[in-house]
Ligand SMILES: Nc1ncnc2c1ncn2[C@@H]1O[C@H](COP(=O)(O)OP(=O)(O)OP(=O)(O)O)[C@@H](O)[C@H]1O
Ligand SMILES: [Mg+2]
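Numbering (the working numbering), first residue to last: 9 to 378.
So this is what it looks like as structure tokens:
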């Protein structure tokens with residue numbers, strides 16, 4: 009499902025950019041502040057209705073403009089589907105898919121599955137459990153769409169339970185009714201997360217075997233959000249007094265985590281920066297492989313500054329894996345030679361190479377790439 013056309017208007021320093029993209033790999037090089045990350049941000053906005061850099065739409069909108077718009081054409085089985093997102097400075101926005109207005113970001117995400125590899129990828133290992141929950145739920149959602157409803161149902165129950173806990177006088181029977189709902193929804197989420205990981209973990213191991221065999225020793229385990237030796241109902245019962253005192257639910261899938269260990273230590277505490285980056289990349293490449301295997305579709309990779317933190321040998325393996333995967337990728341780097349040097353001349357000839365300069369993006373033909 010590659011994006012074959014991309015138009016960006018009024019997003020950061022990209023005032024007006026129209027690009028024809030390669031369904032395979034696209035390279036973007038340009039100096040600091042030229043607009044490379046902004047371009048990836050534009051694609052991300054198209055697939056998620058939000059930025060990956062900020063929660064504030066205002067920061068993304070160019071200078072004094074009152075809106076930004078990204079438009080694309082997604083190619084699928086010989087046909088192309090238009091997709092568009094506009095964000096307004098005062099707030100709100102319009103999302104469109106195949107000419108129809110859509111109201112949820114998940115409709116965009118389904119049409120344009122994206123995997124982002126950038127500095128934030130370290131959060132997969134070093135960040136809060138929320139990052140790892142999102143990582144797992146991305147995979148579950150894209151393989152099994154009904155997961156979105158399962159999560160929404162759980163969130164409604166959690167909200168309801170927490171608001172009940174905020175009352176001064178709580179009817180135990182009412183709370184017990186919500187506990188039963190809570191347990192049902194929690195078990196459904198946990199089952200979906202576990203079966204996804206059962207498929208994903210061997211794939212991560214496989215990618216690590218290619219990228220960095222010593223890292224394949226890394227060990228992953230799902231903490232469901234409570235001591236799973238016990239039934240959640242028992243845990244909720246035991247927590248009841250504390251939950252009431254703090255007016256919040258202490259255990260459940262909203263507290264789940266993917267525990268990542270290397271030689272029995274928390275991986276984030278013992279691996280080097282480069283190794284952490286390799287591990288994060290392997291996790292995301294494996295997600296793309298699994299998504300393709302389960303759905304026959306490819307996600308689009310947005311890779312900001314591929315060169316950062318990795319040595320040449322590792323960069324080359326990542327480059328080869330991306331190339332062999334056949335997915336569309338938009339890859340940025342400051343320096344053209346070091347980006348192009350990761351593939352053979354033959355591979356490069358099949359890619360599109362763009363120069364980003366002061367918010368303008370120019371495609372470089374094979375003749376002016378040297
Ligand atoms: N709302 C905005 N309006 C106009 N320009 C903006 C806005 N927000 C950011 N910019 C500018 O957009 C330019 C492009 O930023 P971007 O992060 O895309 O650069 P980059 O090419 O990724 O640079 P680097 O190599 O340093 O990562 C910067 O000069 C930045 O100051
Ligand atoms: Mg950047």
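No residue lacks a Cβ here, since even glycine has one placed at the ideal position from N, Cα and C.
Within the chosen limit of 7 angstroms, ligand 2 does not reach the beta carbon of residue 285 with any heavy atom. With distances taken between CA atoms, residue 243 lies nearest to 261 out of 58, 261, 309, 229. When the beta-carbon positions are compared, residue 141 and residue 132 stay at least 8 angstroms from each other. When the beta-carbon positions are compared, residue 93 and residue 122 stay at least 8 angstroms from each other. Taking 7 angstroms as the cut-off, the C-beta of residue 45 counts as close to a heavy atom of ligand 2.
Between ligand 1 and residue 67, a heavy atom-to-CB distance of less than 7 angstroms is present. By the beta-carbon neighbour count (other beta carbons within 10 angstroms, threshold 16), residue 245 is exposed.
Relative to ligand 1, residue 78 has its C-beta separated by 7 angstroms or more from all heavy atoms.
Beyond the five residues adjoining it in sequence on each side, residue 359 comes within less than 8 angstroms, by CB distance, of 30, 32, 33, 34, 35, 351 in the same chain, given in chain order.
Pairwise C-beta distances place the segment 10–25 in contact with the segment 41–59, as three or more of them are shorter than 8 angstroms. Non-local C-beta neighbours of residue 73 in its own chain, meaning closer than 7 angstroms and more than five positions away in sequence, comprise 18, ordered along the chain. When the beta-carbon positions are compared, residue 225 and residue 270 come within less than 8 angstroms of each other. In terms of CA proximity to residue 155, 194 leads the group 194, 185, 310, 81.
Between the alpha carbons of residue 118 and residue 322 lies a distance of about 31 angstroms.
If you compare the alpha carbons of 151, 10, 67, 107 with that of residue 84, the shortest gap goes to 10. Nearest Cα to residue 310 within the set 124, 290, 100, 39: 124.
Annotation: residue 237 is outside any beta strand (DSSP E) and is labelled neither H nor E by DSSP.
Cβ contact annotation for residue 233 (same chain, cutoff 7 angstroms, sequence separation greater than five): 259, 260, 261, 262, 263, 264, in chain order. Your pair residue 327 and residue 215 does not check out as a contact, with CB atoms roughly 14 angstroms apart and the cut at 8 angstroms.
Of the candidates 346, 374, 357, 353, 346 places its Cα closest to the Cα of residue 38.
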